[in-house]
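Undergrad: Residue numbers (UniProt numbering): 1 to 130.
(1) Would you kindly work out how many angstroms separate the C-alpha atoms of residue 121 and residue 52, rounded to a whole number?
(2) For residue 66, collect the residues of the same chain with a Cβ closer than 6 Å to its Cβ; drop the 5 residues on either side in sequence, then sort them by chain order.
(3) Would the region 66-79 count as touching the region 93-105 if we require 3 or more Cβ pairs under 8 Å?
(4) Based on the DSSP secondary-structure assignment, which residues constitute the bridge partners of residue 76?
(5) Any idea what DSSP makes of residue 11, helix, strand or coil?
(6) How should residue 17 be labelled, buried or exposed, when 16 other C-beta atoms within 10 angstroms of its C-beta is the threshold for buried?
(7) With distance defined between alpha-carbon atoms, name the residue in 72, 60, 82 and 20 nearest to residue 102.
(8) What is the DSSP secondary structure of residue 2, counted as helix, strand or coil?
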């Protein structure tokens, strides 16, 4: 019986030594990686024409300006919706039909990354010159 307790004690001590030794060995840590990101660029939508609250005597007007190259533009007016594309320089232009009186024109630009910008202009179309 003494031999049994002695062998159990020896096995316990050997197990304890093995556990303590293996816990001191440093285990390789998984490499922590952070995503590569770039600084956001300023995404702008600049409207050259029409100017705000412009009075016009023609039934159509040129909507033009500059945004990010390759962007898609949706121009919503009283008479309907129009689509335009910005060229490689970011320039765009589109003829928009007007209805008599006050016209609300909303220009929305969506770049290739999905960023959006919106500008609203009001244009008054009069059939009679004042």
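Glycine is no exception: its CB is placed at the ideal position from the N, C-alpha and C atoms.
TA: For this structure:
(1) What you label residue 121 is simply residue 121 of the chain shown in a count that begins at 1. What you label residue 52 is simply residue 52 of the chain shown in a count that begins at 1. Each residue's alpha carbon lies about 5 Å from the other.
(2) Taking the chain shown and counting its residues from 1, one reaches residue 66 at position 66. Taken in chain order, the residues that qualify are 46, 90 and 91.
(3) yes
(4) Walking along the chain shown from the start, residue 76 turns up at place 76. Residue 76 pairs with 81 and 106.
(5) Your numbering for residue 11 matches position 11 in the chain shown. Of the three classes helix, strand and coil, the one that applies to residue 11 here is helix, per DSSP.
(6) Walking along the chain shown from the start, residue 17 turns up at place 17. Classification of residue 17: exposed, given that the 10 Å Cβ count is below 16.
(7) Position 102 of the chain shown, counting from 1, holds the residue named residue 102. The option with the nearest alpha carbon to residue 102 is 60.
(8) The count along the chain shown starts at 1 and reaches residue 2 at position 2. Helix at residue 2.
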